Amino acid sequence: MAKNTKNHLLSVAQMYEADQRTIESGISGIRLMEAAGSAIAREITTRWSPRKTVILCGPGNNGGDGFVVARLLHNKGWYVRILLLGERDNLKGDAKTNADRWPFETQPFSPDGIKDADLIVDAVFGAGLVRDVDGIVALTLKAAQQQNVPIIAVDMPSGVDGDSGQILGMAIQADITVTFCRAKTGHYLLPGRTLCGDVIVADIGIQDPIIEQIAPENTKNAPAHLFPWPKTEGHKFDRGHGVIVGGQQMTGATRLAALCARRVGAGLITIAARGTAYMVYRTCEPGNLVSNDNLNEILADPRKNTVLIGPGLGIGEGRKALVKDLLNTDKNLILDADALTMLAGHNWQNRAGETLLTPHEGEFKRLFPDITGSKLERARQAAHQSKATVLLKGPDTVIAAPDGRCTINTTGTPWLATAGSGDSLAGICLGLICQGLNSYDGACLGTWLHGKCAETGGVGLISEDISTLLPEVLKTLQK
Ligand SMILES: NC(=O)C1=CN([C@@H]2O[C@H](COP(=O)(O)OP(=O)(O)OC[C@H]3O[C@@H](n4cnc5c(N)ncnc54)[C@H](OP(=O)(O)O)[C@@H]3O)[C@@H](O)[C@H]2O)[C@@H](O)CC1
Ligand SMILES: Nc1ncnc2c1ncn2[C@@H]1O[C@H](COP(=O)(O)OP(=O)(O)O)[C@@H](O)[C@H]1O
Ligand SMILES: [K+]
1015 MAKNTKNHLL SVAQMYEADQ RTIESGISGI RLMEAAGSAI AREITTRWSP
1065 RKTVILCGPG NNGGDGFVVA RLLHNKGWYV RILLLGERDN LKGDAKTNAD
1115 RWPFETQPFS PDGIKDADLI VDAVFGAGLV RDVDGIVALT LKAAQQQNVP
1165 IIAVDMPSGV DGDSGQILGM AIQADITVTF CRAKTGHYLL PGRTLCGDVI
1215 VADIGIQDPI IEQIAPENTK NAPAHLFPWP KTEGHKFDRG HGVIVGGQQM
1265 TGATRLAALC ARRVGAGLIT IAARGTAYMV YRTCEPGNLV SNDNLNEILA
1315 DPRKNTVLIG PGLGIGEGRK ALVKDLLNTD KNLILDADAL TMLAGHNWQN
1365 RAGETLLTPH EGEFKRLFPD ITGSKLERAR QAAHQSKATV LLKGPDTVIA
1415 APDGRCTINT TGTPWLATAG SGDSLAGICL GLICQGLNSY DGACLGTWLH
1465 GKCAETGGVG LISEDISTLL PEVLKTLQK
């Protein structure tokens, strides 16, 4: 059966490979470029009425797409001017063919060339951006931005790296970005995601089997189908028994996590607590189980399959030893917050149970100080090194598996940047993993649900709302 590859994200190299394989299969490059230009013209004409349009064409095939757009809009009666970077005589291949089909003059790049534009098409650089944008290109892009009219980016907003989403020198802010075949990772990693505006993925005739052969390792996070619906005949022990090592002072973190774990369907949640915190947990949410037994004794019950440690934990030698002991058990483990901080320099080994690490950027730097690169590549390397699933948090959360798979999450709102939100996420993951999801699926679904709660809650969201919003979000999932 054909695989669903719609949520796969391509790297720039994989996009070139897909183009190449398609051309080898008998669809010419010029046909692909025509399809690309048509898709852009279509997106423009369905959104805007005819108006003075300036198309900024670069020296490569991104510029070639721009020439196609110019011709198609002109044929529909639009007033179109082209500013071309470099000499027309220097264009090559499909870009030259399409420039030859444009019977009018082009003008050189200059800020003045933008002045009467009511709509701008950015066809300067796409996949072929290789160095910082500067000089006359930067000045012209800046003038385009200041014109304050709709900007449509071809493939990528010029200046954004298609793999990392990082800005090379400077980049333009688009209203919409039309890309081809599949989105690239740079469309969803920040700051690229913001600079793209709305991302539209157009079909230009590259067939699904070609994407299957390339087998991209990156996806856009779309895990709703993984939700473990309770079975008709099920009882609570079928739905997993999670354990949270309760914080001594920051008891709120543990309580938030426990509520979220139960809301996503965990059968039972036990909070392991000591000292005065034990009484706090005993007198709060009545659905939590609370134990002050030794952790080893608590975990002796094999039904207690998954442990979350970190939220509200604090730092100390005893707690560090506890974390290390847990790593030596066969329980599924979710390590968050202070538990991660205490593992800086750890010599990671394969574990019997599932392992999920949920660092934010600060914790990640402490845990993996030598790992550099794009957010995606850092998460991937960390997962490889730690032999664990790594959930690297932020507005563009990345989840990486030790086998090289990565997903970029796109749900959520900035209202999630609030104390206790990460604890809630860890709790959601606990609830899912204790029900039998592996750590990668649990992290993908947990992150997606957490973001959906924020979208559903809207403005004014605080972390206490997340567990309350979960039922509303779960109702939207199809069984
Ligand atoms: N069949 C296909 O392949 C299809 C491809 N399609 C389209 O092709 C696009 C990729 O085309 P591409 O490979 O020609 O790269 P592109 O983005 O035009 O840039 C290369 C040029 O820019 C230059 N340059 C780079 N950085 C620079 C800088 N900072 N400052 C100044 N110059 C800079 C670079 O110069 P060089 O490094 O060679 O000196 C080179 O001249 C892709 O995004 C999509 O839109 C679609 O039509 C679908 C079918
Ligand atoms: N600007 C943002 N947009 C969307 N999500 C965000 C943003 N900032 C943070 N988040 C999410 O909010 C959560 C914050 O977690 P964390 O930093 O551990 O906070 P805490 O420990 O205070 O709960 C993470 O899931 C993160 O991905
Ligand atoms: K572009």
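If you want the working numbering, it's the position in the sequence shown, counting the first as 1, plus 1014. Note that the Cβ used here is the ideal one computed from N, Cα and C, for glycine as well. Computed from a prediction, not measured in an experiment: that's the story for all the values here.
**Request:** Closer than 7 angstroms is what we want: which residues have a beta carbon that near any heavy atom of ligand 3? List them in chain order.
**Result:** N1076, D1136, A1137, V1138, F1139, G1140, A1167, V1168, D1169, M1170, P1171 and S1172
**Request:** Compute the Euclidean distance between the alpha carbons of W1092 and R1065, then round it to the nearest angstrom.
**Result:** 6 angstroms
**Asked** Cα separation between T1208 and Q1187?
**Response** 8 angstroms
**Message:** Just verifying my parser: in three-state terms, what is the DSSP assignment at T1383?
**Reply:** The question names Thr, but residue 1383 in the sequence shown is Pro. The answer is coil: DSSP assigns P1383 none of H, G, I, E or B.
**Residues that I1323 bridges to, as DSSP identifies them** = L1349
**Message:** Spatial neighbours of A1415 within its chain, please: C-beta separation below 7 angstroms, excluding the five flanking residues on both sides.
**Reply:** A1397, T1403 and Y1454
**Message:** Please tell me whether L1270 and D1437 are closer than 9 angstroms, where the distance is taken between their beta carbons.
**Reply:** yes
**Request:** Would you check whether ligand 4 has a heavy atom nearer than 8 angstroms to the C-beta of L1327?
**Result:** Ligand 4 is not among the ligands present in this structure, which contains only ligand 1, ligand 2 and ligand 3.
**Asked** So does F1081 have its beta carbon nearer than 8 angstroms to some heavy atom of ligand 1?
**Response** no
**Message:** Three or more C-beta pairs under 8 angstroms: does that hold for the segment 1239-1255 against the segment 1424-1434?
**Reply:** no
**Request:** Would you kindly check if the distance between the Cβ of V1138 and the Cβ of G1495 is under 9 angstroms?
**Result:** Lying before the first or after the last residue shown, residue 1495 is absent from the chain, which here runs from 1015 to 1493.
**Prompt:** Helix, strand or coil: which one does DSSP assign to R1365?
**Reply:** coil
**Request:** Find the nearest neighbour of L1491 within the set P1237, K1389, M1293 and L1357, judged by alpha-carbon distance.
**Result:** P1237
**Prompt:** In terms of residues, what are the limits of the beta strand (DSSP E) holding A1216?
**Reply:** D1212 to A1216
**Asked** Is any heavy atom of ligand 2 found at a distance shorter than 8 angstroms from the C-beta of P1125?
**Response** no
**Message:** Looking at the secondary structure, which residues open and close the beta strand (DSSP E) in which F1081 lies?
**Reply:** Not the beta strand (DSSP E): F1081 falls in the alpha helix (DSSP H), residues N1075 to N1089.
**Item:** Inter-stretch contact (C-beta, 8 angstroms, three-pair minimum) for the segment 1462-1480 and the segment 1213-1226
**Value:** no
**Message:** According to DSSP, simplified to helix, strand and coil, what is M1015?
**Reply:** Confidence in M1015 is poor, its pLDDT being 48 and thus under 50, which makes the residue's placement unreliable; the coordinate value appears in the next sentence. Three-state result, M1015: coil.
**Request:** Excluding the 5 residues preceding and the 5 following F1382 in the sequence, name in chain order all residues of the same chain whose CB lies nearer than 6 angstroms to its CB.
**Result:** A1396
**Prompt:** Leaving out the 5 sequence neighbours to the left and right, which residues in its chain are closer than 7 angstroms to V1174 when beta-carbon positions are compared?
**Reply:** I1181, A1185, G1200, G1206 and L1209
**Asked** Whose C-beta lies closer than 6 angstroms to the C-beta of R1392 among residues of the same chain, with five residues either side of it excluded?
**Response** I1385
**Asked** Run through DSSP, which three-state label would R1276 get?
**Response** helix
**Message:** Assess contact between the segment 1340-1349 and the segment 1432-1447, defined as three or more Cβ pairs (one per stretch) separated by less than 8 angstroms. Is contact present?
**Reply:** yes
**Message:** With a threshold of 8 angstroms (Cβ to nearest heavy atom), would L1273 be considered close to ligand 2?
**Reply:** no
**Request:** Taking all protein chains shown into account, decide if H1464 is buried (16 or more other Cβ within 10 angstroms of its Cβ) or exposed.
**Result:** buried
**Message:** Looking at ligand 2, does it come within less than 8 angstroms of S964, judged from the CB to the closest heavy atom?
**Reply:** Residue numbering for the chain in the displayed model covers 1015 to 1493; residue 964 lies beyond these limits and cannot be assessed.
**Request:** List in chain order: all unbroken alpha helix (DSSP H) runs of 4+ residues lying wholly within the segment 1227-1278.
**Result:** 1265-1277
**Request:** With DSSP collapsed to three states, give me the class of L1143.
**Result:** coil
**Message:** Quick check: what's the CA-CA separation for R1253 versus C1458?
**Reply:** 19 angstroms
**Request:** Determine contact between the segment 1119-1134 and the segment 1143-1157, defined as no fewer than three beta-carbon pairs at a distance below 8 angstroms.
**Result:** yes
**Prompt:** In chain order, what residues of the same chain have a beta carbon less than 7 angstroms from the beta carbon of N1452, not counting five sequence neighbours either side?
**Reply:** E1368
**Request:** Please name the residue, chosen from Q1034, G1074 and L1133, that lies closest to T1059 on a Cα-to-Cα basis.
**Result:** L1133
**Request:** Leaving aside the five residues before and after G1289 along the sequence, list all residues of the same chain whose C-beta is less than 7 angstroms from its C-beta, in chain order.
**Result:** Q1262
**Asked** Would you call E1331 buried or exposed, if buried means 16 or more other Cβ atoms sit within 10 Å of its Cβ?
**Response** exposed
**Item:** Start and end residues, alpha helix (DSSP H) containing S1453
**Value:** S1453 to G1471
**Prompt:** Using CA coordinates, which residue listed in K1407, T1019 and R1317 is at the minimum distance from F1251?
**Reply:** R1317
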